[in-house]
């Protein structure tokens, strides 16, 4: 069940390169198309070609609640509604009996599943209370109009949903603020919102975003509100095995906090890939950055923290990243290297492999919403 990913020692570092390392002849590279709109689920046809490796977390689909506490990285303690009963969404209405909103507002822990597929048109933010799992496995559910709001909550898991077409001022697909913690966003497809797709601000921390697909968007992911919110120094986020497909910027843009990026694929951005603003600490490991017309991968944006006199940007450490099609990392050599956190001091292990053709292929196929059955609750 674990596929071809191995838990590499977090002491192993891979030198950055402008091309993929040589592939062994036994590792086939098939010509799968890039993500279409919407992203495809697994190919189950008679002549299906499977990618030569699988994603992490294969074991979490063996039973309904196996997701709980299994995130890698900073969100690893998120348990969602593991200790609650199962709530069944039977209506695609914005509110009322059997709706998603009704389940999310309840105070007790709940594992929320769907008995219907379709689109839920939200007239206002859908606020999610603590100890909830929103589990879209087994159905195809899209949220539109507005998004999820994780406000002053903890232990929330959001899995296998689609978000598209959010409209209005400050409308994000998933808005995490203020002071929310222990959050895991996994295997979601997000596109075309008026503000961010996932924004994490105002002292929200210990969050993992994994296996997600981002497309058709400008300001993709903001982490850290602005230079006046010095409380955002507590922010810690892990982003891994995600596919940023032609989104314009902010993959992410970070202020103050700590972000660990690994085994992501970012291509054809419109301004830059990753931005380090005031006091940001970003560790980028074994990611694939494939440029389109714009070549700048890492951007440094100086700002002045509210409690400091000097104007400063942040720091980015790149290990094992691959830069394709003329992508320019533009790293600042040596400056502030000692200021960047060490991932191995934050958590003991994570599933990571060198950037490769095979990794690129599997991220194109297996990120975002997937057509998978809902596991039994056993």
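Residue numbers (UniProt numbering): 1 to 378. Virtual Cβ for every residue (Gly too), placed ideally from N, Cα, C.
- When only Cα atoms are considered, residue 137 and residue 373 end up about 6 Å apart.
- Between the alpha carbons of residue 313 and residue 234 lies a distance of about 17 Å.
- Taking C-beta separations shorter than 6 Å and ignoring five residues to either side along the sequence, the partners of residue 66 in its chain run 60, following chain order.
- Per DSSP, residue 103 is not a residue of any beta strand (DSSP E); the alpha helix (DSSP H) it occupies stretches across 100-105.
- Around the Cβ of residue 271, a 10 Å sphere holds fewer than 16 other Cβ atoms; the residue is exposed.
- Assignment of residue 117 by DSSP, reduced to helix, strand and coil, places it in the coil class.
- By the 16-neighbour rule on beta-carbons within 10 angstroms, residue 259 is buried.
- Residue 171 and residue 163 have their C-alpha atoms roughly 12 Å apart.
- Per DSSP, reduced to three states, the secondary structure at residue 364 is helical.
- Cα atoms of residue 352 and residue 265: separation of roughly 13 Å, rounded to the nearest angstrom.
- According to the DSSP assignment, residue 310 belongs to no alpha helix (DSSP H), since it is labelled neither H nor E.
- Straight-line spacing of the CA atoms in residue 168 and residue 124 works out to 10 Å.
- For secondary structure counted as the beta strand (DSSP E) over 3 or more consecutive residues, the stretch 140-221 holds these complete runs in sequence order: 141-145, 148-150, 154-159, 162-166, 174-176, 181-186, 189-193, 198-200, 205-210 and 213-215.
- In the structure shown, the three-state DSSP call for residue 276 is strand.
- One thing to note: residue 285 has its Cβ no nearer than 8 Å to the Cβ of residue 257.
- Residue pairing of residue 261 in beta bridges, as defined by DSSP: 239 and 284.
- Counting along the chain, no beta strand (DSSP E) covers residue 92, and no H or E run does either.
- Here the stretch 202-217 makes contact with the stretch 177-190; the two share three or more CB pairs at distances below 8 Å.
- Between residue 178 and residue 154, the C-beta gap is not smaller than 8 Å, which leaves the two residues out of contact.
- If you compare the alpha carbons of 75, 97, 241 and 62 with that of residue 213, the shortest gap goes to 241.
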